[in-house]
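Student: Residue numbers (the working numbering): 4 to 317.
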């Protein structure tokens with residue numbers, strides 16, 4: 004399969020360029036949304052968006068330079084260029100940008116988990132530990148390409164690379180699952196008051212974006228675990244997808260908020276309606292409601308539990 008590596012990398016970099024174009028559009032939308040938002044989390048999201056988009060841009064530039072270097076002589080030389088990347092500064096630099104962008108995406112996801120669970124750090128302990136392990140192991144895997152004799156299937160590179168992708172999958176699965184469960188649980192509780200699930204759209208946004216990066220990682224992991232160096236071809240596309248996922252959350256939630264403001268309904272995406280009380284003699288039941296702020300912005304308000312009393316005729 005070595006003779007087809009150059010063609011695979013051309014296809015992979017072409018796909019990366021398409022995804023980068025999508026990220027350019029999403030980034031402009033996110034800037035428009037965040038610059039018009041005055042929440043406390045605006046600076047955090049704006050900073051993370053700029054950092055990840057910058058890393059995505061850097062990787063596209065490196066990929067272009069790699070193509071120019073690989074095809075400087077002949078197609079056969081290009082195959083050897085990608086088959087033996089040991090000591091290649093551009094190759095190592097591209098991988099370094101990829102892992103740093105992945106670290107940023109995971110850390111932002113853990114931060115969302117922390118905020119949406121009422122700034123409860125306990126719920127983030129396991130994902131954060133996995134994230135730190137991923138940072139260490141992935142960095143070791145990238146450094147394994149520095150020797151001139153290194154190949155994609157070198158023992159240290161291969162074993163640490165698989166472990167890193169496994170940890171990345173674990174972080175994304177746990178954090179996305181924790182956020183989705185919180186939204187689903189809150190939606191069930193608020194349905195008692197509003198008669199409809201208020202966080203259904205947010206739930207599906209988190210699931211879709213989490214599945215996007217997880218699916219990409221699992222595919223590369225499966226190919227690389229089968230001792231196929233082709234598993235590394237998708238690193239460029241994975242870098243762009245790691246940027247797309249958080250930008251997509253901000254863009255979709257921002258549009259959802261704008262739509263609700265236009266309709267001028269009582270229920271908004273960031274807060275629950277005023278407490279509802281039906282004064283009818285009978286049994287009294289108390290429900291605990293959890294106000295959740297904008298999932299994209301993480302929320303800036305208080306996370307205190309509110310109690311709403313609904314008196315229903317027996």
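For every residue, glycine included, the Cβ atom is placed at its ideal position computed from N, Cα and C.
1) Does the segment 109-124 touch the segment 64-81, meaning 3 or more C-beta pairs lie closer than 8 Å?
2) Only counting the same chain, and skipping five residues up and downstream in sequence, which positions put a Cβ closer than 7 Å to that of residue 203?
3) What are the boundary residues of the alpha helix (DSSP H) that includes residue 145?
4) Determine the contact status of residue 22 and residue 250, defining contact as a CB-CB distance below 7 Å.
5) Quick check on DSSP: helix, strand or coil for residue 203?
6) Rounded to whole angstroms, what is the Cα-Cα separation between residue 7 and residue 253?
7) Rounded to whole angstroms, what is the Cα-Cα separation between residue 142 and residue 198?
8) Using the three-state DSSP reduction, which class does residue 230 fall into: helix, strand or coil?
9) Near residue 90, which residues of its chain fall below 6 Å by C-beta distance, leaving aside the five closest residues on each side in sequence?
10) In this structure, does DSSP put residue 124 in helix, strand or coil?
11) Are residue 246 and residue 83 touching if we call contact CB-CB under 7 Å?
12) Any contact of the segment 229-237 with the segment 132-149, i.e. 3+ C-beta pairs under 8 Å?
Tutor: If we stick to the structure as given:
1) no
2) 190
3) 128-146
4) no
5) helix
6) 39 Å
7) 49 Å
8) coil
9) 151
10) In this structure, residue 124 counts as helix in the three-state DSSP scheme.
11) no
12) no
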